[in-house]
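Report on one structure; see the data block that follows.
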Amino acid sequence: MSERSRAMTEEEMKALEEEFDSEVRFRPLPPTLGWVVAATLFALACYHYYTAGYGIPRATTHRGLHMGVTLALVFFTFVAFGKPRATKPGLLAPLGLPIVDWVLAAGALVSALYVPWIFNDLAFRVGNPLPIDVIMGTILIVTLLEATRRAMGWPLPVIAVLFMAYAYFGQYMPGVLTHPGADWSGIVNHLYLTSQGIYGTALGVISTYVFHFVLFGVMATRIGLGQLFIDLASALAGRFAGGPAKVSVLSSAMLGSISGSSIANTVTTGSLTIPAMIRIGYPRHFAAAVEAASSTGGQITPPVMGAVAFLMIEYLGVPLTTILTAALVPAFMHFFGVLVQVHLEARRRGLRGLTKDELPVAWAVFKAGWLTTLPLFVLVAILLSGKTPYLAAFWGITACIGVLAIQSLVDHGTNLRAAATEFVKGVWDGFVLGAKYSLSVTAAAALVGVIIGVVTLTGVGFKIAYMVTSVAGQWAESVSAGLAFLPFDVMSVPSLTLLFTLIMTAIVCVLMGCGIPTTANYLIMIAVAAPILGLLGVQPIVAHFFVFYFGVLADITPPVALAAYAAAGIADANAFKAGNTAFRLGMGKALVPFVFVFSPSMLLVTEGFTWSEFFLSTFGAMAGIWMLSSVFAGWLFAPLRGYERVLLTISALLLVVPSLWPTVIGILLVLPAVLRQLPMIGKSVSYREST
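Going by my numbering, the sequence shown opens with residue 4, and the numbers climb by one from there.
So this is what it looks like as structure tokens:
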């Protein structure tokens, strides 16, 4: 048995997560400084816990305080270059921190708090900043670029610098991209002193909503909710063909609903499911791909959905329940697509499920861990009641603390000192870790504020929209002229223009997602892509979901498929092969966004919703995903012949078109394979015929 084909220890899981996720790659600190940083992280978490329940101060003050403390902590916890390492205390490293990091931390903190400090004078200074304003703004922009580079790498800071360069050198840009340009004072004024830039919506959502839900996810996992999900998935799905793979899909869906991090989800569930998949006969790269594809679904699964759900409610001005409802069917489609493929692969290879002795009993699992579900029920109930998301997070965290207290008492009985020690340690560790996990996303959101600020300052979003729609329109006219004989509405010039625009947008989203995190990718793309799709009549909520889905897809898209590479590390598999297979398994996430753009009823909450359109698009997409999965596996109910693969490929493409006639033709194309294979259902059939 390979060293990786076993359950991993907690230390190995942590090391693997740090290897592939730069956002949790923290440097070791000397004891004194380490305690100070931990206490600051704990205080930051306590501040947000309090404001979630009792209200936040003035928005600029709240955002500035959160950003300043967070950026300072980034310089304490992330090294400038190379792997995290301890620094020996000395003259150039007081308390074990390089003096340059002390300077950067102080600069970030002071410049972030400067705007709240002069807030009452801002009305007289916006548009005419003082020299000190420009100096402070420059310091914040520089420290923000460096903090984000440390936490997330080069791509996002480079993009931000390019946008600022565009704002400065606009008069030299070619064609439609030209604009009068702005001097540095004007750029800093817009990015630093107004709500259109760094202190804008992105930072507001992170500091008001996302921090609290990250903290809830950490606390919920700490009390055992994640392990309960894994055990329940094992009990429910483990006995079926290819059981461990189906356990991976279900457990990742459930854990992802509170986690929102694809890499953390991959490592947590994959450490258990990947060795089990390999043990029953799945190839190593396939086992890694299943876990990666399943875990990336966590970011699109209600109720947490990473940070994006809360950004959507701010940008769209709709209740959170609207976003969560819209996410239901597309999220189901993703997991349905992965489940179908792992089932077909299991049938093709003749793989068994887990034996009764290898499986937990569902009732016993729930009976032992039901208390850990209480915080999730509290969170969802308050969200559905119409209360604010941060109030729901407050009571969810409070419920986690209550459950932790009960668990500590049960574990130690009458030994109250030991129970109190375990409880305090649990709250301390959970709050510190939750605050740590928020550092990188805060830096990214604040820096994205720079990019969004340039977009609003220069109007480049509408310039790009004009360019893209013009190119897409020219392509559409050429293709439509050649395919005019086909009786499909999708072949009209307006439909083809939209299709080509969506394809270009999707490609850019995936490419951007290869270098920057999902939240930052979403914020940038919605600033640029929303005007493009809006010009073509796409409803705002549909445009937001389209951009979001393709940003998430980058985690399983080679060459930078970080979730797949983390899973390959567990499986001891070829990373690139695992990434390619994960992308194929996640094809539902790539197909479904095109479906709901052309058929918005799939999202349930769009204007013009009809049940007939919903059922046609939803069941057509499910059938199309199933047929395409069969083509990839070479298996429907039995091995597929060559001509059947061709027919099913054409059928799949027609079935996902949300229109009646393509759906009917797609169904007819499936019939030859179905009729030939019906007598074989339930029989043992060799796969040799199709290979």
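C-beta atoms are modelled at their ideal positions from N, C-alpha and C, and glycine is treated no differently.
So, for residue i: in the same chain, excluding its five sequence neighbours on each side, which residues have a beta-carbon less than 7 Å away from its beta-carbon?
{"i": "Leu419", "result": "none"}
{"i": "Leu323", "result": "Ala312, Ile316, Leu386 and Pro392"}
{"i": "Arg351", "result": "Ala636, Gly637, Trp638 and Tyr690"}
{"i": "Val129", "result": "Asn192, Leu196 and Thr197"}
{"i": "Val598", "result": "Met605, Ser620, Ala624, Val659 and Pro661"}
{"i": "Glu480", "result": "Val496"}
{"i": "Trp629", "result": "Val343"}
{"i": "Ser8", "result": "Any reading at Ser8 must be qualified, since the residue scores a pLDDT of 43, below 50, and its modelled position is unreliable; the value itself is stated next. Contacts found: Pro278, Ile281 and Arg282."}
{"i": "Ile326", "result": "Ala312, Met315 and Ile316"}
{"i": "Thr90", "result": "Ala96, Gly99, Leu100 and Pro101"}
{"i": "Ala773", "result": "This structure gives no information on residue 773, because the portion of the chain shown stretches from 4 to 694."}
{"i": "Ile684", "result": "Phe640"}
Taking the alpha helix (DSSP H) that residue i falls in, what are its first and last residues?
{"i": "Arg61", "result": "First-last for Arg61: undefined, no H or E at that position."}
{"i": "Asp414", "result": "Pro392 to His415"}
{"i": "Leu231", "result": "Leu228 to Ala240"}
{"i": "Pro534", "result": "Thr521 to Leu538"}
{"i": "Ser443", "result": "Leu419 to Thr461"}
{"i": "Ala710", "result": "Outside the shown range of the chain (4 to 694) lies residue 710, about which nothing can therefore be said."}
{"i": "Met683", "result": "Careful: Met683 lies outside any alpha helix (DSSP H) and carries neither H nor E."}
{"i": "Gln344", "result": "Leu323 to Arg352"}
{"i": "Asn131", "result": "No alpha helix (DSSP H) holds Asn131; DSSP gives it neither H nor E."}
{"i": "Ser654", "result": "Gly645 to Leu658"}
{"i": "Lys370", "result": "Ala365 to Gly372"}
{"i": "Ser662", "result": "It is not in any alpha helix (DSSP H) - Ser662 carries neither H nor E in the DSSP assignment."}
{"i": "Gly99", "result": "Segment: none, Gly99 is in no alpha helix (DSSP H) and carries neither H nor E."}
{"i": "Gly273", "result": "Ser265 to Ile283"}
{"i": "Glu616", "result": "Trp614 to Ala636"}
{"i": "Leu386", "result": "Leu377 to Leu387"}
From this set, the options, which residue's C-alpha is nearest residue i's C-alpha?
{"i": "Leu342", "options": "Met625, Pro132 and Arg61", "result": "Met625"}
{"i": "Thr304", "options": "Val332, Val677, Pro322 and Pro158", "result": "Val332"}
{"i": "Val72", "options": "Leu133, Gly58, Ala41 and Gly85", "result": "Ala41"}
{"i": "Val307", "options": "Ser260, Phe599, Ala334 and Arg287", "result": "Ser260"}
{"i": "Leu218", "options": "Gly58, Leu235, Gln344 and Cys403", "result": "Cys403"}
{"i": "Gly156", "options": "Val77, Ile190 and Leu116", "result": "Val77"}
{"i": "His547", "options": "Leu319, Ala557, Arg644 and Lys359", "result": "Leu319"}
{"i": "Leu663", "options": "Met630, Phe617, Val649 and Thr376", "result": "Phe617"}
{"i": "Leu501", "options": "Met515, Val482 and Val513", "result": "Val482"}
{"i": "Met29", "options": "Thr204, Ser441 and Ala564", "result": "The question names Met, but residue 29 in the sequence shown is Phe. Of the listed residues, the one whose Cα sits closest to Phe29 is Ser441."}
{"i": "Pro286", "options": "Ala205, Ala581, Leu116 and Tyr169", "result": "Ala581"}
{"i": "Gly485", "options": "Phe622, His346 and Leu499", "result": "Leu499"}
{"i": "Thr43", "options": "Ala62, Leu74, Thr63 and Asp186", "result": "Leu74"}
{"i": "Phe369", "options": "Ala46, Ser237, Lys428 and Asp414", "result": "Ser237"}
{"i": "Met590", "options": "Leu357, Met336 and Ala115", "result": "Met336"}
{"i": "Gly760", "options": "Leu631, Thr204 and Glu348", "result": "Any property of residue 760 remains undetermined from this structure, which presents the chain solely from 4 to 694."}
Near residue i, which residues of its chain fall below 6 Å by C-beta distance, leaving aside the five closest residues on each side in sequence?
{"i": "Pro682", "result": "none"}
{"i": "Thr694", "result": "Below a pLDDT of 50, predicted positions are generally treated as unreliable, and Thr694, at 39, falls in that range; the measurement from the model is reported next regardless. Nothing listed; no residue qualifies."}
{"i": "Ser298", "result": "Ser255, Ser265, Asn268, Thr269 and Ala566"}
{"i": "Ile102", "result": "Leu95"}
{"i": "Ser5", "result": "Note that Ser5 has pLDDT 43, beneath the 50 cutoff, so the model's placement of it is unreliable and no number is given."}
{"i": "Phe79", "result": "Val40"}
{"i": "Leu594", "result": "Val659"}
{"i": "Gly627", "result": "Ala655, Leu658 and Val659"}
{"i": "Leu314", "result": "Val208"}
{"i": "His69", "result": "Ser210"}
{"i": "Ala150", "result": "Leu74, Val77 and Ala446"}
{"i": "Leu650", "result": "Leu672"}
For residue i and chain C, any beta-carbon pair shorter than 9 Å?
{"i": "Gly540", "result": "Going by chain labels, chain C is absent from the structure shown, which holds only one protein chain."}
What residues in its chain sit with their C-beta under 8 Å from that of residue i, if we drop five residues either side in the sequence?
{"i": "Arg587", "result": "Ala292, Gln344 and Phe635"}
{"i": "Tyr52", "result": "His215, Leu218, Phe397, Ile400 and Phe434"}
{"i": "Gln542", "result": "Pro603, Thr609 and Glu610"}
Next item on the list: Mind the definition here: the stretch 546-553 touches the stretch 515-529 only if three or more C-beta pairs lie below 8 Å; say whether that holds.
Entry: yes
Item checked: At least three beta-carbon pairs within less than 8 Å, the stretch 558-575 to the stretch 504-512 -> no
Item checked: contact_flag[the stretch 417-437, the stretch 92-100] where n(CB pairs < 8 Å) is 3 or more -> no
Next item on the list: Would you check if there are 3 or more beta carbon pairs closer than 8 Å linking the stretch 133-143 to the stretch 82-90?
Entry: no
Margin query: Check whether the stretch 533-549 and the stretch 456-476 touch, using three or more Cβ-Cβ pairs below 8 Å as the test.
Written below: yes
Item checked: Runs of beta strand (DSSP E) lying entirely within the stretch 544-608, each at least 3 residues, in chain order -> none
Check: Would the stretch 651-658 and the stretch 669-679 be scored as touching if the rule is three or more Cβ pairs under 8 Å?
Finding: yes
Next item on the list: Go through the stretch 176-261 residue by residue and report every complete run of the beta strand (DSSP E) that reaches 3 residues or more, in order.
Entry: none
Note to self: Between the stretch 353-367 and the stretch 194-214, can you find at least three pairs of beta-carbon atoms closer than 8 Å?
What the structure shows: no
Item checked: At least three beta-carbon pairs within less than 8 Å, the stretch 392-401 to the stretch 365-384 -> yes
Check: Should the stretch 238-248 be called in touch with the stretch 275-288, which here means at least 3 C-beta pairs below 8 Å?
Finding: yes
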